[in-house]
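Numbering (this note's numbering), first residue to last: 564 to 828.
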């Protein structure tokens, strides 16, 4: 069979499904393509794509982008141009000029801008009930996608003025260790019970093996401690993101199952 001319329209209306633990809800798109030679399909014009929700353990909502496809029969997959990406996450927004996905020429790169991310919602993901915080975070995250995984190099996060708070309430065991430690550690623990920061900066590194490294700079003080000078913290935070997301999905699955059983009674 030899195709010489013609057109193809692909339409999705509020599709939902899951793949490899990633749940997608409410995908809507209409892609119109035409022949561009005997072995070539291209989009007639950029096609809007909208997704109500993507759940990976962390939920992203109201995702939207413009998409263009270029598919030669000699290639197993089309080249995809995604532009004007936007959505919401952790109460804030994510945007990106987009990325070009050419299966034959990895890695694929894009830069994501984060604005007014709610620190309280981010800390809730960790599930640390003794740790709470407030404040809005902005950042820039350069992402590279290759066959071996996703990576981030030299990403940056910074708190929006005027800053916010971090409150840590140690448990009985941790409290005992702090009480028996030296004065400097006790001072740090005391500051963190109600730490008001005006500077929060973080460098972001994420390797293809799934390990997130944050180099955090905190500056502020505890207003409850009248004679305490301003305190500067330099912290290194490391997290296994695939394991974290897997645990979050497991918790969500359990909650969904219980909800279905209760509603089915």
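The C-beta atom is built at its ideal place from N, Cα and C for all residues, glycine as well.
Check                                                                                                                           : Outcome
Residue 723 - DSSP class collapsed to helix/strand/coil                                                                         : coil
C-alpha distance - residue 778 paired with residue 660, whole-angstrom precision                                                : 26 Å
Distance, residue 625 Cα to residue 825 Cα                                                                                      : Residue placement at residue 825 is poorly supported in this model, since its pLDDT is 49, which falls under 50; the coordinates still yield a value, given next. Taking the straight line from one Cα to the other gives about 29 Å.
Environment of residue 600 [buried if 16+ CB atoms lie within 10 Å]                                                             : exposed
The stretch 666-676 contacting the stretch 621-636, beta-carbon criterion three pairs below 8 Å                                 : no
Which listed residue (733, 630 and 685) has its alpha carbon closest to that of residue 653                                     : 685
Sequence ranges, beta strand (DSSP E) only - wholly within the stretch 613-661, length at least 3                               : 622-635 and 642-652
Residue 704 versus residue 680 - alpha carbon distance                                                                          : 13 Å
Other residues of its chain near residue 883: CB distance less than 6 Å, five sequence neighbours each side excluded            : Nothing in the structure corresponds to residue 883, since the chain is present only between 564 and 828.
Local conformation of residue 577 per DSSP, three classes                                                                       : strand
Range covered by the alpha helix (DSSP H) that runs through residue 685                                                         : 682-689
Supposed contact pair residue 657 and residue 675 - C-beta distance, whole angstroms, cut 8 Å                                   : 6 Å
CA-to-CA distance, residue 725 to residue 754, given in whole angstroms                                                         : 19 Å
Cut-off 8 Å between Cβ atoms - residues of its own chain near residue 570, not counting five sequence neighbours on either side : 595, 596, 597, 598 and 607
As assigned by DSSP and simplified to three states, the class of residue 805                                                    : helix
Neighbourhood of residue 582 by C-beta, 7 Å cutoff - its chain only, sequence neighbours within 5 removed                       : none
Close Cβ partners of residue 623 (< 6 Å) along its chain, the five nearest in sequence each way excluded                        : 617, 650 and 652
Whole-number beta carbon distance between residue 590 and residue 611, since they are thought to touch under 8 Å                : The pair is not a contact, with the Cβ atoms about 12 Å apart (cut-off 8 Å).
Euclidean distance between Cα positions of residue 821 and residue 722                                                          : Its pLDDT being 46, under 50, residue 821 is placed unreliably in this model, and the value from its coordinates should be taken loosely. Near 38 Å, if we compare the C-alpha coordinates of residue 722 and residue 821.
Whole-number beta carbon distance between residue 716 and residue 768, since they are thought to touch under 8 Å                : 6 Å
For residue 694, the nearest candidate out of 682, 587, 786 and 790 (CA to CA)                                                  : 682
Buried/exposed call for residue 662, threshold 16 Cβ in 10 Å                                                                    : buried
Residue 702 classed as buried or exposed, judged by whether at least 16 other C-beta atoms fall within 10 angstroms             : buried
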